[in-house]
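Under the working numbering, the residues of the sequence shown are numbered 800 to 1137, in order. A virtual CB, placed ideally from N, CA and C, is assigned to each residue, including glycine.
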Amino acid sequence: ALPLFGQQCIRISGTGTSGTDGGVYKSINNGTDWKQKSAIPTVSGSPRSFGSANVLTFTQDPQDHLALYAGTRENGMLYTYDGGETWRQPKELSQGVTEAIAVDSKNKCTIYATLGNRVLKSTDCNRSYTESYRDASAITALVADRYNSGFLYLGTEKGAVLKSVDGGRTWGLLRDFKGRIVDIAINSKDTRVLYVAALRRGVWKSVDGGRSFEDLTDGFKKLSGTLDVSHLAISLSSPETLVLASRYGLVRTKNNGASWEPLTLLTKTGSVDIHSLALDPKNPNRLYYAVASTLYKSEDGGATWSTRKLPTSRAAAALFADESDATVMYMGALKIAK
800 ALPLFGQQCI
810 RISGTGTSGT
820 DGGVYKSINN
830 GTDWKQKSAI
840 PTVSGSPRSF
850 GSANVLTFTQ
860 DPQDHLALYA
870 GTRENGMLYT
880 YDGGETWRQP
890 KELSQGVTEA
900 IAVDSKNKCT
910 IYATLGNRVL
920 KSTDCNRSYT
930 ESYRDASAIT
940 ALVADRYNSG
950 FLYLGTEKGA
960 VLKSVDGGRT
970 WGLLRDFKGR
980 IVDIAINSKD
990 TRVLYVAALR
1000 RGVWKSVDGG
1010 RSFEDLTDGF
1020 KKLSGTLDVS
1030 HLAISLSSPE
1040 TLVLASRYGL
1050 VRTKNNGASW
1060 EPLTLLTKTG
1070 SVDIHSLALD
1080 PKNPNRLYYA
1090 VASTLYKSED
1100 GGATWSTRKL
1110 PTSRAAAALF
1120 ADESDATVMY
1130 MGALKIAK
């Protein structure tokens, strides 16, 4: 049994039961309606919440859709085993920035989480964490291979991409992209194929597990602002489809990056910052993106869009669609500095 953490173990400043609109929100109808899900159980029974936290990222356990991990800007990592109804926090990840989290595809009790310039690892289902890797710069991306247990990729603020094939014990440099690594996306059907999105360096593709990379930038760099990338999303069911968010807007490939097409948005090109992006794991034609106050949704691959006002005054910095039931979505709220 996992312990309940009391008030003394949760180090989230300003937590409470009212007056906060951060933390995590959940929808059970494809993003139409949202409810805040930031409750923390305590031994005393008094309600606690991380509703003041700024959430940056989500990761789901590929073996258990109710197990979800949330990384925050100041308060480390929190996790839930019941689809967001209650959350807990490892003591080693109770403060600091967590930008990326990965779960071993074959062992749900093995979890990796970034904490600033470090990777921490648990092998006992979040009961304890130890340092697995330390870099000279902040770690901004971390993903696990879905086929090969113990294979990991990480990216840094300075642009380095590294790989581990032994569960994080040792790491080797694959390439220095000389720009902040924004996302690393792995093909779910052939995990030798991966994509790296780097700020002002575009998107790069490897078909051999990172031994070599091909520059895909020529397919979209003629569109102003596309090198200022903010997100890269790959379809789980149709991994030949990827969508790139940037200062330009959205561009998409349906052929593994061989060619790219711009999507027509309701917002003017270059007029808004896209804070998050998500694809339906079972339907690549259903996609979502969020700007400062609005969630945009398309059911037809971007031909038409519907809008929904966000349930928070903060930006939706993270969007995630449940891999088992895509009607269920999670949103992370982030206060953007003016």
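Within the same chain, Cβ atoms closer than 8 Å to the Cβ of A866 are found at Q859, D860, Y878, T879, Y880, V902 and K907, the five residues on either side in sequence being excluded.
When DSSP states are grouped into helix, strand and coil, G1131 belongs to the strand group. Of all C-beta pairs linking the segment 920–937 to the segment 952–972, three or more are shorter than 8 Å, placing the two stretches in contact.
Secondary structure of D1014 (DSSP, three-state): strand. When K890, R979, R847 and A852 are compared, the shortest CA-CA separation from I1135 is found for A852. If you compare the alpha carbons of G1101, K1067 and D1072 with that of P1083, the shortest gap goes to G1101. Taking C-beta atoms as the reference points, R1000 and D1027 fail to come closer than 7 Å.
A1117 has its alpha-carbon roughly 17 Å from the corresponding atom of N828. Looking at the backbone, the Cα of R991 and that of D1007 are separated by about 5 Å. Relative to the Cα of D1099, the nearest Cα in the group R1085, S1112 and D1124 belongs to R1085. Following the DSSP letters along the chain, one finds R1107 inside the beta strand (DSSP E) bounded by residues S1105 to K1108. The C-beta separation of A984 from I1033 comes to about 4 Å, placing the pair in contact by the 8 Å criterion. If you look at I985, you'll find it in the beta strand (DSSP E) that goes I980 to I985. Annotation for K1081: S1036 and A1125 place their beta carbon closer than 7 Å to its own, counting only its chain and skipping 5 residues before and after.
Note on geometry: alpha-carbon atoms of A899 and R945 lie some 16 Å from one another.
Within the same chain, Cβ atoms closer than 8 Å to the Cβ of T897 are found at L855, T856, G870, T871, G875, M876, A912, T913 and L914, the five residues on either side in sequence being excluded. The continuous beta strand (DSSP E) containing D860 extends over residues V854 to D860.
As the crow flies, the alpha-carbon of F849 is around 36 Å from that of D975. At a Cβ-Cβ threshold of 7 Å, V823 and S845 do not count as neighbours.
Within the same chain, S1097 come within 8 Å of T1103 by CB-CB distance, once the 5 residues on both sides are set aside. If you look at T1063, you'll find it isn't in any beta strand (DSSP E); DSSP assigns it neither H nor E.
Listed in chain order, the non-local C-beta contacts of L1015 below 7 Å within the same chain comprise G1001, V1002, W1003, K1004 and G1056, local neighbours out to five positions each way being set aside. Boundaries of the beta strand (DSSP E) around A1032: V1028 to I1033.
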